[in-house]
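Asks:
2 protein chains.
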Amino acid sequence: MFSFSRSSLRHFSSSARILGRAVVYSQNGDPSKVLRVLTYPSVPSPPPPHSVNLNFLLSPISPADINVVEGVYPSKPAKTDALTLSGEANPLFVGGNEGLARVTAVGEGVHTLAVDDWVIMLKQQAGTWATDRTVTVADVAKVPDSQFLTQAQAATITVSVNPPTAYNMLADFVDLESGDWVVQNGANSAVGQAVIQIAAARGLKTINLIRDRCNLDALKERLHNLGATHVLTYDQLADKSVREDIKQWTGGKPIRLGLNCVGGKDTTNMARLLGNDAHLVSYGAMAKQPLSIPISLFIFKNLTCHGFWQSRWYIKKPLEEREKLMQNLVTLMKEKKVREVISHLHPLITLLTSVAGHS
Amino acid sequence: MFSFSRSSLRHFSSSARILGRAVVYSQNGDPSKVLRVLTYPSVPSPPPPHSVNLNFLLSPISPADINVVEGVYPSKPAKTDALTLSGEANPLFVGGNEGLARVTAVGEGVHTLAVDDWVIMLKQQAGTWATDRTVTVADVAKVPDSQFLTQAQAATITVSVNPPTAYNMLADFVDLESGDWVVQNGANSAVGQAVIQIAAARGLKTINLIRDRCNLDALKERLHNLGATHVLTYDQLADKSVREDIKQWTGGKPIRLGLNCVGGKDTTNMARLLGNDAHLVSYGAMAKQPLSIPISLFIFKNLTCHGFWQSRWYIKKPLEEREKLMQNLVTLMKEKKVREVISHLHPLITLLTSVAGHS
Numbered sequence: 001m002f003s004f005s006r007s008s009l010r011h012f013s014s015s016a017r018i019l020g021r022a023v024v025y026s027q028n029g030d031p032s033k034v035l036r037v038l039t040y041p042s043v044p045s046p047p048p049p050h051s052v053n054l055n056f057l058l059s060p061i062s063p064a065d066i067n068v069v070e071g072v073y074p075s076k077p078a079k080t081d082a083l084t085l086s087g088e089a090n091p092l093f094v095g096g097n098e099g100l101a102r103v104t105a106v107g108e109g110v111h112t113l114a115v116d117d118w119v120i121m122l123k124q125q126a127g128t129w130a131t132d133r134t135v136t137v138a139d140v141a142k143v144p145d146s147q148f149l150t151q152a153q154a155a156t157i158t159v160s161v162n163p164p165t166a167y168n169m170l171a172d173f174v175d176l177e178s179g180d181w182v183v184q185n186g187a188n189s190a191v192g193q194a195v196i197q198i199a200a201a202r203g204l205k206t207i208n209l210i211r212d213r214c215n216l217d218a219l220k221e222r223l224h225n226l227g228a229t230h231v232l233t234y235d236q237l238a239d240k241s242v243r244e245d246i247k248q249w250t251g252g253k254p255i256r257l258g259l260n261c262v263g264g265k266d267t268t269n270m271a272r273l274l275g276n277d278a279h280l281v282s283y284g285a286m287a288k289q290p291l292s293i294p295i296s297l298f299i300f301k302n303l304t305c306h307g308f309w310q311s312r313w314y315i316k317k318p319l320e321e322r323e324k325l326m327q328n329l330v331t332l333m334k335e336k337k338v339r340e341v342i343s344h345l346h347p348l349i350t351l352l353t354s355v356a357g358h359s
Numbered sequence: 001m002f003s004f005s006r007s008s009l010r011h012f013s014s015s016a017r018i019l020g021r022a023v024v025y026s027q028n029g030d031p032s033k034v035l036r037v038l039t040y041p042s043v044p045s046p047p048p049p050h051s052v053n054l055n056f057l058l059s060p061i062s063p064a065d066i067n068v069v070e071g072v073y074p075s076k077p078a079k080t081d082a083l084t085l086s087g088e089a090n091p092l093f094v095g096g097n098e099g100l101a102r103v104t105a106v107g108e109g110v111h112t113l114a115v116d117d118w119v120i121m122l123k124q125q126a127g128t129w130a131t132d133r134t135v136t137v138a139d140v141a142k143v144p145d146s147q148f149l150t151q152a153q154a155a156t157i158t159v160s161v162n163p164p165t166a167y168n169m170l171a172d173f174v175d176l177e178s179g180d181w182v183v184q185n186g187a188n189s190a191v192g193q194a195v196i197q198i199a200a201a202r203g204l205k206t207i208n209l210i211r212d213r214c215n216l217d218a219l220k221e222r223l224h225n226l227g228a229t230h231v232l233t234y235d236q237l238a239d240k241s242v243r244e245d246i247k248q249w250t251g252g253k254p255i256r257l258g259l260n261c262v263g264g265k266d267t268t269n270m271a272r273l274l275g276n277d278a279h280l281v282s283y284g285a286m287a288k289q290p291l292s293i294p295i296s297l298f299i300f301k302n303l304t305c306h307g308f309w310q311s312r313w314y315i316k317k318p319l320e321e322r323e324k325l326m327q328n329l330v331t332l333m334k335e336k337k338v339r340e341v342i343s344h345l346h347p348l349i350t351l352l353t354s355v356a357g358h359s
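As you go down the protein sequences, you meet chains A and B in turn. Using full-length UniProt numbering, the letters of the first sequence map in sequence onto residues 1 to 359. Using full-length UniProt numbering, the letters of the second sequence map in sequence onto residues 1 to 359.
Given below as structure tokens:
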């Protein structure tokens, strides 16, 4: 996650605010070779009609963002010439798909946003690895109740793909009610931890699968503290006797939703825990192995297997759905039912300094 | 398929019609050991109120029926004492799940059926390996337009599970329109041949996968004659260059439905042919290998994998749906768009004679 907060920028120089800076590239390739920092004139103020000026607060750096730079990801950004007044001859790519930004100025005809509102990007591949951008008002959505949130909290639930992924996978495939059971693997991933918390907030019970490791007890305790009902290792799952334990836990109630970010034989074992008419949703493939499912589970137990990709969700759902999702996540965060999760914060200023020779 | 037609019974004796005969068993086990033929007094005439007497014309012997006798199939029949007047001390199982029967007498209060109507069973595991049974009227459905059909035609589309399976898989998962493409493996199976014919009748294009074999050209010609658009072997599919051919055939139109009765790597290759938002429906596992799908197909191409089981369809759908299905299949058969497929016909008389020592 890049940080563009005032506190970081304060270290730079008081005159820095009149210049914008962005992490850009002219062609796809190895990020360490193609990425560079561009300094550009500050965005026009006031912005054009129906546009707003943004100052980015936090922008994530996700593995998918790296793949976009490499040119190997299904989502492709468009080049822009909006930053090229600084002497760039050709349009270029601005890195970054998502971002949390503060509105610094509004153009004529903008009635839905005001200065100091926080917004997120509605447009895919918006080019968020930048200090300041001018965008049309239709390309952003206001973060509700932002006065109750820290930047890290707001970024966790809106900019990061993880809590939205967890929320939607728990909502979109099975009509779950309080007391229903969900099983997931990769339970200590960022999405997995969000699943545990959101499920617990909804009264759902979770069986959480993780790899064995030396600090297993500490990790189990952490997941239980987040709200996990049960935590098992893949080795425990491979032992068929665990199925009796699970029947006792659930009282024989069928498990109707499985969430998978692993693949391979551990996921096959997880699928066998599912009851009739269950849904298995894959959102990752950490084991780099296919999903392998006995066909009898499809035919006789009516299993359905889906994939989930938050980027597609954003493209396919109407804006009201996205706003409802954001409101629901803000409420969970305000009520401390979901904790902020930001793994590393890199102030852009550090990057600016370290690559100053390139700019 | 057992045949109980008059022509078979005529060979027995003129007095045979006053006795009923059924293939029964008292406990699950190896069919060659536990099955026996029971002779029982003719069914009561007239039948009780709201009941009808049936004379079975054709009753299928499917692999699933054998598994039911063995006790290893999910559907379990109930024992009956309806046939035990002949001196049997205990209730017993009557074999057979489905059957085509002729109404021979109707009880008081039966207004929806008349003598000589043809009916099929609505109740699972109805015990159809019998010459005559008395059933309540709610347990059977009338075959529409039976005057236009031969027994073999009527049995193919109503009693056999194959054309209904093909029809429903083409209807229930993707809203296909004339000109859309479907890919299937095991294309020369009974279901596969029904898929080819029903798809062709709807104007759908099919890519049909089969195993290589010595009489390949003859089989290809037969499938083309049924209406197959293209026929490929699994070996041809494994060669990536075939994808270019397929793109040319489809004009780049995405294939939205795949039908699988095989499993294993050939099915993985088939799944790669599917376009975005496609559905892969499994109804068999002839390779006895799991369905193995790269997780990227789920996440980035929004593939959904389902199972189909005609028995579940009959249980879950309301009667009107079943009647609509039967009417649609009768129409296809009347219009010669689906051909009858009955693999072997075993007159029950043969069995009766061969096991006469046991009865």
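Cβ atoms here follow ideal geometry from the backbone N, Cα and C, with glycine treated the same way.
Using only CA atoms, which one of GLY263/B, PHE173/B and GLY96/B lies nearest to PRO31/B?
Replies: Here the question's residue 31/B lines up with position 31 in the second sequence. For the residues GLY263/B, PHE173/B and GLY96/B, the minimum Cα distance to PRO31/B belongs to GLY96/B.
Asks: For ALA226/A and ASP175/A, what's the separation of their Cα atoms in angstroms?
Replies: As a position in the first sequence, residue 226/A is number 226, starting the count at 1. As a position in the first sequence, residue 175/A is number 175, starting the count at 1. In the sequence on display, residue 226/A carries Leu and not Ala. Rounded to the nearest angstrom, the two C-alpha atoms are 23 Å apart.
Asks: Please compile the residues from chain B whose C-beta is within a distance smaller than 9 Å of the C-beta of residue 361/A.
Replies: With chain A covering 1 to 359 only, the question about residue 361/A has no answer from this structure.
Asks: Terminal residues of the continuous beta strand (DSSP E) containing LYS334/B?
Replies: Against the second sequence, residue 334/B aligns to sequence position 334. Note, LYS334/B: premise wrong, no beta strand (DSSP E); alpha helix (DSSP H) at 319-334.
Asks: Determine the direct distance from the alpha carbon of THR268/A to that of ALA101/A, and round the result to whole angstroms.
Replies: Your numbering for residue 101/A matches position 101 in the first sequence. Your numbering for residue 268/A matches position 268 in the first sequence. When rounded, the distance between both Cα atoms is 42 Å.
Asks: Using Cβ-Cβ distances below 9 Å, what residues of the segment 236-261 of chain B are close to chain A?
Replies: Cβ contacts with chain A: ASN260 and CYS261.
Asks: Enumerate in chain order the residues of its own chain whose CB-to-CB distance from THR350/B is below 7 Å, with the five nearest sequence positions on each side excluded.
Replies: Against the second sequence, residue 350/B aligns to sequence position 350. Note on THR350/B: pLDDT 48, under 50, position unreliable in the model; the coordinate value appears next. So no residue of the chain qualifies.
Asks: Roughly how many angstroms separate the alpha carbons of MET169/B and GLU323/B, rounded to a whole number?
Replies: In the second sequence, residue 169/B corresponds to position 169, counting from 1. In the second sequence, residue 323/B corresponds to position 323, counting from 1. If you take the alpha carbons of MET169/B and GLU323/B, they lie about 17 Å apart.
Asks: Please report the Cβ distance between ILE120/A and GLU98/A, rounded to the nearest whole angstrom; I am assuming they are in contact, meaning their Cβ atoms lie under 8 Å.
Replies: Here residue 120/A refers to the residue found at position 120 of the first sequence. Here residue 98/A refers to the residue found at position 98 of the first sequence. 7 Å between Cβ atoms; contact.
Asks: Let's see if you can read the secondary structure: which residues bound the alpha helix (DSSP H) around ALA82/B?
Replies: For the purposes of this step, residue 82/B is identified with residue 82 of the second sequence, where counting begins at 1. It is not in any alpha helix (DSSP H) - ALA82/B carries neither H nor E in the DSSP assignment.
Asks: Taking the alpha-carbon of ALA287/B as reference, which of VAL281/A, TYR283/A, LYS288/A and PRO294/A has the nearest alpha-carbon?
Replies: Working through the second sequence from its first residue, we reach residue 287/B at position 287. Of VAL281/A, TYR283/A, LYS288/A and PRO294/A, the residue nearest in Cα terms is PRO294/A.
Asks: Hey, is ALA285/A's beta-carbon within less than 9 Å of any beta-carbon in chain B?
Replies: Here the question's residue 285/A lines up with position 285 in the first sequence. Output row for ALA285/A: interface = yes.
Asks: Would you call the segment 217-235 of chain B and the segment 190-206 of chain B in contact, with 3 or more CB pairs under 8 Å?
Replies: Result yes; three or more Cβ-Cβ pairs closer than 8 Å.
Asks: Residues in the same chain with beta-carbon distance under 7 Å from ALA356/B, minus the five sequence neighbours each way, listed in chain order, please.
Replies: Within the second sequence, the letter at position 356 stands for residue 356/B. Any reading at ALA356/B is ruled out, since the residue's pLDDT is 37, under 50, leaving its predicted position unreliable.
Asks: Residues in the same chain with beta-carbon distance under 7 Å from VAL43/B, minus the five sequence neighbours each way, listed in chain order, please.
Replies: Along the second sequence, one-based indexing puts residue 43/B at 43. Excluding sequence neighbours, VAL43/B sits near GLY20, ASN53, ASP132, ARG133 and THR134.
Asks: Mind checking if PRO74/B is an interface residue toward chain A, Cβ cutoff 9 Å exclusive?
Replies: The sequence position of residue 74/B within the second sequence is 74, counting from 1. Yes, because at least one Cβ of chain A sits closer than 9 Å to the Cβ of PRO74/B.
Asks: Would you verify that the beta carbon of GLY192/B is, or is not, closer than 9 Å to some beta carbon of chain A?
Replies: In the second sequence, residue 192/B corresponds to position 192, counting from 1. Chain A contact via Cβ: absent.
Asks: Where do the N-terminal and C-terminal ends of the beta strand (DSSP E) with MET121/B fall, by residue?
Replies: In the second sequence, counting from the first residue as 1, residue 121/B sits at position 121. Taken as a continuous stretch (DSSP letters only), the beta strand (DSSP E) holding MET121/B covers 118-121.
Asks: Quick one: which chain B residues come within Cβ less than 8 Å of LEU176/A?
Replies: The residue you call residue 176/A lines up with position 176 of the first sequence. The contacting residues do not exist; LEU176/A stays about 19 Å from chain B at best.
Asks: Where does GLN184/B fall in DSSP's three states?
Replies: Walking along the second sequence from the start, residue 184/B turns up at place 184. Looking at GLN184/B - three-state DSSP - the assignment turns out to be strand.
Asks: With distance defined between alpha-carbon atoms, name the residue in LEU223/A, TRP181/A, LEU219/A and ILE210/A nearest to ALA194/A.
Replies: Position 194 of the first sequence holds residue 194/A. The shortest C-alpha separation from ALA194/A is found at LEU223/A.
Asks: Roughly how many angstroms separate the alpha carbons of LEU35/A and TRP129/A, rounded to a whole number?
Replies: On the first sequence, residue 35/A is found 35 positions in, with the first residue counted as 1. On the first sequence, residue 129/A is found 129 positions in, with the first residue counted as 1. Straight-line Cα distance between these residues: approximately 11 Å.
Asks: Is there a Cβ of chain A sitting closer than 9 Å to that of LEU291/B, yes or no?
Replies: Reading the second sequence from its first residue, position 291 is the one you call residue 291/B. Yes, LEU291/B counts as interfacial toward chain A.
Asks: May I ask you to report which of helix, strand or coil DSSP gives VAL34/B?
Replies: Within the second sequence, residue 34/B is the residue found at index 34, counting from 1. If DSSP states are grouped into helix, strand and coil, VAL34/B belongs with the helices.
Asks: Name the one or two DSSP bridge partners that PRO41/B has.
Replies: For the purposes of this step, residue 41/B is taken as residue 41 along the second sequence, with counting starting at 1. DSSP output for PRO41/B lists LEU19/B as bridge partner(s).
Asks: Looking only at its chain, what residues have a beta carbon closer than 6 Å to the beta carbon of PRO144/A, apart from the 5 residues adjacent to it on each side?
Replies: The residue given as residue 144/A occupies position 144 in the first sequence. Closer than 6 Å at Cβ, skipping near neighbours: GLN327 and VAL330.
Asks: Does chain A have any CB closer than 9 Å to the CB of PHE298/B?
Replies: Here residue 298/B corresponds to residue number 298 of the second sequence, with the count starting at 1. So yes, PHE298/B belongs to the interface.
Asks: Specify whether the segment 177-193 of chain B and the segment 205-219 of chain B touch according to this definition: at least 3 beta carbon pairs, one from each stretch, less than 8 Å apart.
Replies: Verdict: yes, contact present.
Asks: Just mark ASN188/B as buried or exposed, buried being the case when its beta carbon has 16 or more other beta carbons within 10 Å.
Replies: Reading the second sequence from its first residue, position 188 is the one you call residue 188/B. Buried.
Asks: What's the call for THR250/A, buried or exposed, on a 16-neighbour Cβ count within 10 Å?
Replies: Residue mapping note: residue 250/A aligns to position 250 of the first sequence, counting from 1. The residue is buried, with at least 16 neighbouring Cβ atoms inside 10 Å.
Asks: Three-state secondary structure (DSSP) at ASP235/B?
Replies: As a first step, residue 235/B is located in the second sequence; it is residue number 235 there, counting from the start. Three-state DSSP puts ASP235/B in a helix.
Asks: Starting from the beta carbon of PRO294/A, find every residue of chain B whose beta carbon is closer than 7 Å, and list them in chain order.
Replies: The residue given as residue 294/A occupies position 294 in the first sequence. Correct list: PRO290.
Asks: Closer than 7 Å by beta-carbon distance: list the chain B residues that pair up with GLY109/A, in chain order.
Replies: Translated into the one-based positions of the first sequence, residue 109/A becomes position 109. Those within 7 Å of GLY109/A in chain B number zero; the least Cβ separation is about 37 Å.
Asks: Tell me, please, whether the segment 331-338 of chain A touches the segment 148-166 of chain A by the rule of three or more beta-carbon pairs shorter than 8 Å.
Replies: As far as the Cβ criterion goes, the segment 331-338 of chain A touches the segment 148-166 of chain A, which means the pair count is three or higher.
Asks: When you compare only the Cα positions, how much space is there between ARG202/B and GLU340/B?
Replies: Along the second sequence, read from residue 1 onward, the residue named residue 202/B stands at position 202. Along the second sequence, read from residue 1 onward, the residue named residue 340/B stands at position 340. Going from the Cα of ARG202/B to the Cα of GLU340/B covers about 18 Å.
Asks: Do ASN276/A and LYS253/A have their beta-carbon atoms positioned less than 9 Å apart in this structure?
Replies: As a working note, residue 253/A is residue 253 in the first sequence. As a working note, residue 276/A is residue 276 in the first sequence. Going by C-beta atoms, LYS253/A is not nearer than 9 Å to ASN276/A.
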